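Enquirer:
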């Protein structure tokens, strides 16, 4: 694992194949900028440390998420969950450590929009949608297209795009709200709209920060169904405090505490772990 | 699905909008010239030279206000340095007007008077080519554009936002003003450029020239509004307002806000430059006081008074503020700044959407009143004890009527 990463680190991020003669790779060809999942690993964080004014928000954090996996992250406040997402999406640069998307993409060298283009979508803790735009326009802006200024001046929506938007609208149950300003939606509906904005981007990895906060029980249940249905096609990383929701999702759970991984396993194992009980569940 | 850009442009503005534009253009190019040149001065419909110059000046300000609305109203970036771009456009075109004076200056020299005064023998290198009308017109757009681009690139790349950005733009225009105040800079020091004689060979004070400049100002304003409407209706405009409302979300869905901000910022500066180029020949002077901080703040007030994010509002804002300024500075010159401050406070407190917002609110209230009156009539007409009044009342007014009845 370590060797793989250090080789790819030497390859320039913009994708020039210097030092690669093709013959060295017997199994597959490396394509610059394209996600390489040849070892089944979607996201690889190794020894990440981030400090703010001496406070270590992340302390030698190492974490690995497989392709198609649904992973839940739990942990007390200040455990470093949001900082970890900031590192993955390029908002915060780690002081040390490695963050790789697939085998080849070094996340610590890319900007936020570049990371979004490689296929990582992020939902914020506080639902963040464009309140003055209609629900439809919110999805339109998020669509996976060329997002440069030149294209945006003359951009039109084509049949495929419209289909994609209307499918997503049905998926997030906002089809009848399409023309309403997003600011008028309920809290739970905004959460769904933001999830929909991730889906139309067609990301490989979804980072979801407290996706069911403010949702009714019914909405929470449907969200769990949605996420479980996405598993396999996408990798998901869900940060959540709602244990019933985590249980409904199934899958592996990682407990963060004070900036590093405390325990990992299925929910029952983690909940039985005495260290976890001490720092988090027992209180 | 795909429609040509021209068709979308026409459809975007609507038949009413195009009709209004055609009417304004007709008045500007036919009505005003006729009223100014043909009617005798005693005629009630005669448009005086003073009125044409004043209106032409305000039209140039209105272009600046619309350009300001594009970045502030839609992009959420408050610039307090737009006077700089306006003045740079004015100076660029002023160079041409200075060269057109030829040997008619007080010293009869081939170079402008202020250079003779400084004992310069020839034009400095950056005055090269300024005897060309087209070159200076190009400069009037390119100089503000390039300066805005370079400044914007570093400011937006460093993610400088909000009040910090406003303060830096203020510092920028102040620094430029000090730079232009120096005689050695080569732009006439604190006197700036004045005493223009000709433009393209025509006398600059001739009524015909003034009428053409007025018509061009109207045309520039209309073109700016049409361009602004098209931009705002495009996907670019949607991304721009999205950046204003939630920049983080925009970044994480894959747009680079830097490029979007830089585009609209540079475009806005270039429009200001063009407005400045049209302003100078009409007003007959350009000096560093145009770059003063107060001038740039006033631009923001025009937009706030007219209505942010409405495109048409700032035109009214520029008109209202400048007409009252003209009146105040002749009647009670010492109270103008107090009035301006008061106006700004009142608008911020009571008219967050400016006069355009007030208009919309009055219209809504009128419609509500009409609905209420109609509902009252129907309640009165209905037999007393039987039907519940709510049933016959147009939606939304039921509660009010129940109280009134």
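Chains as they are written, first to last, in UniProt numbering: chain A, 1 to 283; chain B, 1 to 405.
Built from N, CA and C at the ideal position, the CB exists for glycine as well.
These numbers come from a predicted model, not from an experiment.
1) Have a look at residue 95 of chain A and residue 88 of chain A and give me their C-alpha separation to the nearest angstrom.
2) For the beta strand (DSSP E) that contains residue 145 of chain A, what are its first and last residues?
3) Look at the Cβ atom of residue 27 of chain B, then the Cβ atom of residue 47 of chain B, and state whether they are nearer than 7 Å.
4) Apart from the five residues on each side of it in sequence, which residues of its chain come closer than 7 Å, Cβ to Cβ, to residue 267 of chain A?
5) Skipping 5 residues on each side, what residues in its chain have a beta carbon closer than 8 Å to that of residue 249 of chain B?
6) Span of the beta strand (DSSP E) holding residue 176 of chain B?
7) If you run the structure through DSSP and keep just helix, strand and coil, what is residue 174 of chain A?
8) Taking residue 64 of chain A as part of the beta strand (DSSP E), name the residues at either end of that continuous run.
9) For the beta strand (DSSP E) containing residue 254 of chain A, name the first residue and the last one.
10) State yes or no: is the beta carbon of residue 421 of chain B nearer than 7 Å to at least one beta carbon in chain A?
11) For residue 277 of chain A, does the count of other Cβ atoms within 10 angstroms reach 16, so buried, or fall short, so exposed?
12) By the DSSP assignment, the beta strand (DSSP E) with residue 44 of chain A in it spans what residues?
13) Which residue spans inside the stretch 34-94 of chain B form an unbroken beta strand (DSSP E) run of at least 3?
14) Cβ closer than 8 Å: which chain B residues qualify as neighbours of residue 201 of chain A?
15) What's the call for residue 99 of chain B, buried or exposed, on a 16-neighbour Cβ count within 10 Å?
16) Give the residues from the stretch 265-294 of chain B that approach chain A closer than 9 Å (Cβ to any Cβ), ordered along the chain.
17) Buried or exposed: residue 333 of chain B, going by 16 or more other Cβ atoms within 10 Å of its Cβ?
18) Would you say residue 234 of chain A lies against chain B (beta-carbon separation less than 7 Å)?
19) For residue 70 of chain A versus residue 231 of chain A, is the C-beta spacing smaller than 7 Å?
20) Does chain A have any CB closer than 7 Å to the CB of residue 234 of chain B?
21) I'd like to know if the stretch 35-55 of chain A and the stretch 101-110 of chain A are in contact, where contact means that at least 3 CB-CB pairs between them fall below 8 Å.
22) In chain B, which residues lie with their C-beta within 9 Å of the C-beta of residue 231 of chain A?
23) Roughly how many angstroms lie between the CA atoms of residue 279 of chain B and residue 57 of chain B, to the nearest whole one?
24) Indicate whether at least one CB of chain A lies closer than 7 Å to the CB of residue 412 of chain B.
25) If you follow the beta strand (DSSP E) that residue 70 of chain A is part of, which residue opens it and which one closes it?
26) Taking the alpha-carbon of residue 244 of chain A as reference, which of A:258, A:220 and A:181 has the nearest alpha-carbon?
27) So residue 259 of chain B contacts chain E; which residues on that side make the cut at Cβ distance below 8 Å?
28) Classify residue 14 of chain B as buried or exposed, calling it buried when 16 or more other Cβ atoms lie within 10 Å of its own Cβ.
29) Report buried or exposed for residue 124 of chain B, applying the criterion of at least 16 other Cβ atoms within 10 angstroms of its Cβ.
30) How about residue 193 of chain B and residue 284 of chain B: do their beta carbons lie closer than 7 Å?
31) Quick check: what's the CA-CA separation for residue 25 of chain A versus residue 67 of chain A?
32) Measure from the C-beta of residue 28 of chain B to each C-beta in chain A and report whether the shortest distance is under 7 Å.
33) Does residue 284 of chain B come out as helix, strand or coil in the three-state DSSP assignment?
34) Which value, in whole angstroms, describes the spacing of the CA atoms of residue 166 of chain B and residue 299 of chain B?
35) When burial is assigned at 16 or more other CB atoms within 10 Å of the CB, is residue 270 of chain A buried or exposed?
36) Starting from residue 100 of chain A, trace the beta strand (DSSP E) in both directions and tell me its first and last residue.
Expert: According to the data block:
1) 13 Å
2) Taken as a continuous stretch (DSSP letters only), residue 145 of chain A belongs to no beta strand (DSSP E), as it is neither H nor E.
3) no
4) 246, 247 and 253
5) Spatial neighbours of residue 249 of chain B in its own chain (CB-CB distance under 8 Å, excluding positions within 5 residues in sequence) are listed in chain order as 242.
6) Premise fails: residue 176 of chain B lies in the alpha helix (DSSP H), 162-181, not in any beta strand (DSSP E).
7) coil
8) Unbroken beta strand (DSSP E) run through residue 64 of chain A: 55-66.
9) 252-257
10) Residue coverage of chain B in this structure runs from 1 to 405, which leaves residue 421 of chain B outside it and unanswerable.
11) A residue is called buried once 16 or more other Cβ atoms fall within 10 Å of its Cβ, and residue 277 of chain A, having fewer, is exposed.
12) 41-52
13) Fully contained in the stretch 34-94 of chain B is no beta strand (DSSP E) run of length 3 or more.
14) 253 and 254
15) buried
16) none
17) exposed
18) no
19) yes
20) yes
21) Verdict: yes, contact present.
22) Per Cβ cutoff of 9 Å: no residues; residue 231 of chain A is ~22 Å from chain B at best.
23) CA-CA distance, residue 279 of chain B to residue 57 of chain B, rounds to 6 Å.
24) This structure gives no information on residue 412 of chain B, because the portion of chain B shown stretches from 1 to 405.
25) That run of the beta strand (DSSP E) goes 70-74.
26) A:220
27) No chain E is present in this structure, whose protein chains are A and B.
28) exposed
29) exposed
30) no
31) Residue placement at residue 25 of chain A cannot be trusted, given a pLDDT of 47 that sits under 50; what the coordinates show is reported in the next sentence. Going by the C-alpha atoms only, they are around 22 Å apart.
32) no
33) coil
34) 13 Å
35) buried
36) Run containing residue 100 of chain A: 96-101, per the beta strand (DSSP E) assignment.
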